[in-house]
């Protein structure tokens, strides 16, 4: 297996059958990720970035093309990929602990005490040891999303898939969770593919930002290498010229190159 | 009053620092005083429980007054006091038994509840799994829809002759009627519950590739439970309505039969006692299920 292609997406297309005929969501996506790399997918709404993530998650089947993860063909969902959903998707009748434990006991064998220990560790990693026995409705949105991350990471997936995980949070909470995520990823060495529509978030977190063109038949428009040293400091970067340049590059792609196309489509 | 209200500061300074609770009371009193000064009279809103209690009492008073009025005008209807005295006697010895046609009100209520329990329990055993299947498989749902649509509006009592024909006895026929009337709400609500399960939860199951058993116990069942309880609540409500009528027709021991028997004996006060008793038992069933539903409802 080529280490540069730990996750490898080749010639991926997805066409949805609708009442008005076929709708081509994705056209010919090629993407490769290194192990331990953090890649974000960014694009305007409806550009198919969530579709691409769902295909990698195995929640939807591609029309054509292949996805390989660590040399293995992806043909359905599986616990080698941890998914954090847009709206946390915690089961409301289980406590935080039980939500994470559900995933842990599915993936690992072993003594009960060991499984419990893993669950505790996962919650500790996201800083929620104190809220283990609370139910989702008793904790804040940011905390719920942390539990979602803990659940996804607890199964030690080969790749962590995040679908706009912080989109529903207020700006301050979002910033805190971005910092947390950077810390967790640095600590665990996780390979992460994340969908976002937040330019700052993409540049701050990623090793590479994959910018998608507007749908239908969305493609990868440009790929931006984010060569900022880690660990990254939100406050330092706010005045960093390189950060500004990268940010401007993404903005330019989204609001000049792709906005033009979007306007044509409306007209 | 006004003069007093203007001097609270002076008084407070002289006392030792108030207890926090007292301070809160003080704040409340200040607010009340402020209102008093602004409007000239006190307007503290009454506490909720008091208002609810008053409304409750007023409602009951209107009911009793209307009843008394009708009793005074009609002649044949006994007034509340007569009925109260008769009730005291009947409830004084609820569990006597002098043969199959003369038993205490306690036995009558229990026999009716037993029929409802058995009929309803059987309906739950059949209806809940059926509801799950109908909710899960579209074809089955398509099959069930016209059948349910056709049979649901039928009065459960219309099934009684069929029950008598098949079972050749009154008691199983009454249970069977309860079964039929409890079945539909149970099936329909369970099926709706299954269809309402958020796709997100099912995606969690898919991503983790949970076993069918885990999917059922950790996701499907808890997600559908509140809907099921609604089905149970509706079923029990209907069943309790229907049992009275069914027992009037089948006879035997039961609150419905008792009503009919007392009509034959022309003991109108006993009929009124039966009506109130049926109401109270129905209310208790409903409240018990509301509590159950609250226990099993979840906020996401």
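Protein chains in written order, with the working numbering: chain V, 158 to 424; chain G, 79 to 378. Glycine included, C-beta positions come from ideal geometry on N, C-alpha and C.
Assigned secondary structure, residue i (DSSP; H/G/I helix, E/B strand, else coil)
i, result
"residue 189 of chain G", "helix"
"residue 295 of chain V", "helix"
"residue 170 of chain V", "strand"
"residue 229 of chain V", "strand"
"residue 323 of chain V", "coil"
"residue 379 of chain V", "strand"
"residue 207 of chain V", "helix"
"residue 317 of chain V", "strand"
"residue 239 of chain V", "strand"
"residue 287 of chain V", "helix"
"residue 214 of chain G", "helix"
"residue 265 of chain V", "coil"
"residue 397 of chain V", "coil"
"residue 287 of chain G", "coil"
"residue 166 of chain G", "helix"
"residue 409 of chain V", "helix"
"residue 99 of chain G", "Confidence at residue 99 of chain G is low in this model, with a pLDDT of 48, below 50, so its placement is unreliable and no value can be given for it."
"residue 300 of chain G", "helix"
"residue 72 of chain G", "Here chain G covers residues 79 to 378 and nothing more, so residue 72 of chain G does not appear."
"residue 387 of chain V", "coil"
"residue 332 of chain G", "coil"
"residue 216 of chain V", "coil"
"residue 273 of chain V", "helix"
"residue 258 of chain V", "helix"
"residue 336 of chain V", "helix"
"residue 257 of chain G", "helix"
DSSP bridge partner residues for residue i (one or two, in chain order)
i, result
"residue 195 of chain V", "V:349"
"residue 181 of chain G", "G:175"
"residue 330 of chain V", "Beta-bridge pairing links residue 330 of chain V to no other residue."
"residue 180 of chain V", "V:173"
"residue 223 of chain V", "V:167"
"residue 186 of chain V", "V:169"
"residue 368 of chain V", "V:199, V:379"
Closest residue to residue i among the options (Cα-Cα distance)
i, options, result
"residue 168 of chain V", "V:161, V:174, V:189", "V:189"
"residue 209 of chain G", "G:331, G:329, G:303", "G:303"
"residue 314 of chain G", "G:195, G:125, G:160", "G:195"
"residue 271 of chain V", "V:236, V:377, V:258", "V:258"
"residue 262 of chain G", "G:281, G:201, G:283", "G:201"
"residue 337 of chain G", "G:328, G:349, G:329, G:331", "G:349"
"residue 244 of chain V", "G:300, G:278, G:254", "G:278"
"residue 237 of chain V", "G:368, G:287, G:294, G:171", "G:287"
"residue 312 of chain G", "G:342, G:367, G:341, G:344", "G:367"
"residue 276 of chain V", "V:298, V:296, V:253", "V:253"
"residue 180 of chain V", "V:391, V:397, V:373, V:413", "V:373"
"residue 162 of chain G", "G:374, G:351, G:370", "G:351"
Chain V contact for residue i (CB, 9 Å cutoff)
i, result
"residue 372 of chain G", "no"
"residue 287 of chain G", "yes"
"residue 301 of chain G", "yes"
"residue 284 of chain G", "yes"
"residue 278 of chain G", "yes"
"residue 369 of chain G", "no"
"residue 230 of chain G", "no"
"residue 305 of chain G", "no"
"residue 281 of chain G", "yes"
"residue 246 of chain G", "no"
"residue 150 of chain G", "no"
Residue i at chain G interface by Cβ criterion, 9 Å
i, result
"residue 312 of chain V", "yes"
"residue 213 of chain V", "no"
"residue 404 of chain V", "no"
"residue 323 of chain V", "no"
"residue 251 of chain V", "yes"
"residue 260 of chain V", "yes"
"residue 240 of chain V", "yes"
"residue 264 of chain V", "yes"
"residue 235 of chain V", "yes"
"residue 294 of chain V", "yes"
"residue 297 of chain V", "no"
"residue 350 of chain V", "no"
CB of residue i within 9 Å of CB of residue j, strictly
i, j, result
"residue 206 of chain G", "residue 355 of chain G", "no"
"residue 360 of chain V", "residue 403 of chain V", "yes"
"residue 209 of chain V", "residue 251 of chain V", "no"
"residue 387 of chain V", "residue 339 of chain V", "yes"
"residue 201 of chain V", "residue 249 of chain V", "no"
"residue 308 of chain V", "residue 256 of chain V", "yes"
"residue 219 of chain V", "residue 171 of chain V", "yes"
Minimum Cβ-Cβ distance from residue i to chain A less than 9 Å
i, result
"residue 297 of chain G", "Although the question refers to chain A, the structure presented lacks it and instead comprises the protein chains V and G."
beta-carbon residue i near the ligand COA non-hydrogen atom, thresh 8 Å
i, result
"residue 276 of chain V", "The model depicted lacks the ligand COA and carries no ligand whatsoever."
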